[in-house]
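Structure first, then comments.
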Amino acid sequence: MADVKFEDLLGTGAHFGHVTRKWHPNYKPYILMEKNGVHIINLQETVNAMNKATNFIKDVVTKNGEILFVGTKKQARDIVQEEADRCRMFYIVERWLGGTLTNFSTIKKSIKRLKLLEKEGSNLYSSTITKKETQMLNRERVKLADQHRGIKDMRRLPDAVIVVDANYEETAIKEAKSLDIPVVAIVDTNTDPLIIDYPIPANDDSIRTIQLIMSAISNVINQVKGSEKDKAHVDIVPSDDVTEAVDAGSVQASEEE
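In this note's numbering, the protein residues as written are -19 to 237.
So this is what it looks like as structure tokens:
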């Protein structure tokens, strides 16, 4: 079971969806109510979804499977990289390169080139090449390192992909689905949850919500690996009054839209 409680989610504002005009009809089962023009997510559904998702993730890791974390939007980058590193899984936090999964053979060649430039750099930058050629090789190395830094050691396709914001990472999800790679994703009210194998209904724009969910996932992976000592502690300010929280936050959510 995921180490995420209803009160924890409430404290991060995970229940605030988008303005009602942006909703996806297939999201209806996860909506609790409409308040001040904003859809409010049913956090009990979020807790249930987290349990399903983490049970799946446990199964993948138990079988020595590899997982790719994806979060390229600003709010998610640092969190995704930190949590993927903490549980020793792969990640992409820069721009998703088309074909990262569907054309993985080409990506592997690019990674091989990067490792060559990193390992043999001093030999390549010998007196036999010009200063201009040295600069070109340096630029190539930096570019490849930036593109592949989270997947440099990924030797095969992942067994699962975990995504922050299914809408934002549409290309990554399409590639995973085309290869029958299961997808776990945080989905907001503007997203079709039916395209995701394990949707987690929550506010995907809240940094604190993203942190809570991703750290819980990382904790689960480390527990399976026997590294519970690496378990992260996330400080959450709980709220006992759901109605009060909805009233206070829905107005803010409307203004941000």
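All C-beta atoms, glycine included, are put in the ideal place defined by N, C-alpha and C. From a predicted model like this one, the values you see are computed outputs, not experimental measurements.
Quiz item: Once you ignore the five residues that flank W76 on each side, which residues in its own chain have a CB closer than 8 Å to its CB?
Solution: Position 96 of the sequence shown, counting from 1, holds the residue named residue 76. Contacts found: V50, T52, E149, T151 and A152.
Quiz item: So is L31 buried or exposed if we call it buried at 16+ other beta carbons inside 10 Å?
Solution: Numbered from its first residue, the sequence shown carries residue 31 at position 51. It should be noted that the sequence gives Asn, not Leu, for residue 31. So N31 ends up on the exposed side.
Exercise. Give the DSSP-derived three-state secondary structure of H(-5) in the structure shown.
Key: Here residue -5 refers to the residue found at position 15 when the sequence shown is read from its first residue. If DSSP states are grouped into helix, strand and coil, H(-5) belongs with coil.
Quiz item: Do L238 and A196 have their CB atoms nearer than 9 Å?
Solution: In the structure as shown, the chain begins at -19 and stops at 237. Residue 238 is therefore absent and cannot be evaluated.
Exercise. Find out if the Cβ-Cβ distance for the pair K2, N170 is shorter than 9 Å.
Key: On the sequence shown, residue 2 is found 22 positions in, with the first residue counted as 1. On the sequence shown, residue 170 is found 190 positions in, with the first residue counted as 1. At a Cβ-Cβ threshold of 9 Å, K2 and N170 count as neighbours.
Quiz item: Which runs of the beta strand (DSSP E) spanning at least 3 residues fall entirely within the stretch 15 to 57, listed in chain order?
Solution: Runs found: 18 to 21 and 47 to 50.
Quiz prompt | is_contact[V41, chain C] using C-beta, thresh 9 Å | solution = Checking the listed chains, one finds no chain C in this structure; it contains a single protein chain.
Practice problem: List in chain order: all unbroken alpha helix (DSSP H) runs of 4+ residues lying wholly within the stretch 130 to 182. | Solution: Secondary structure within the stretch 130 to 182: the alpha helix (DSSP H) runs of 4 or more consecutive residues, fully enclosed, are 150 to 158 (chain order).
Quiz item: What three-state label does DSSP hand M69 in the structure shown?
Solution: Counting from one through the sequence shown, the residue named residue 69 turns up at place 89. Looking at M69 - three-state DSSP - the assignment turns out to be coil, as it is neither helix nor strand.
Practice problem: To the nearest angstrom, report how far apart V222 and F(-4) are at their CA atoms. | Solution: Taking the first residue of the sequence shown as position 1, residue 222 is located at position 242. Taking the first residue of the sequence shown as position 1, residue -4 is located at position 16. Confidence at V222 is low in this model, with a pLDDT of 46, below 50, so its placement is unreliable and no value can be given for it.
Quiz item: How would you call R188, buried or exposed, if buried means at least 16 neighbouring beta carbons within 10 angstroms?
Solution: Numbered from 1 along the sequence shown, position 208 holds the residue referred to as residue 188. Counting of Cβ neighbours within 10 angstroms places R188 among the buried residues, the total reaching 16 or more.
Practice problem: Would you check if the stretch 78 to 91 and the stretch 172 to 182 touch, i.e. whether three or more CB-CB distances between them fall below 8 Å? | Solution: Short answer: they don't touch.
Exercise. Report yes if the CB atom of G17 is closer than 9 Å to the CB atom of V41, and no otherwise.
Key: As a position in the sequence shown, residue 17 is number 37, starting the count at 1. As a position in the sequence shown, residue 41 is number 61, starting the count at 1. Cβ distance not < 9 Å, so G17 and V41 don't count as in contact.
Quiz item: DSSP on L81, reduced to helix/strand/coil?
Solution: Working through the sequence shown from its first residue, we reach residue 81 at position 101. DSSP places L81 in coil when its eight states are reduced to three.
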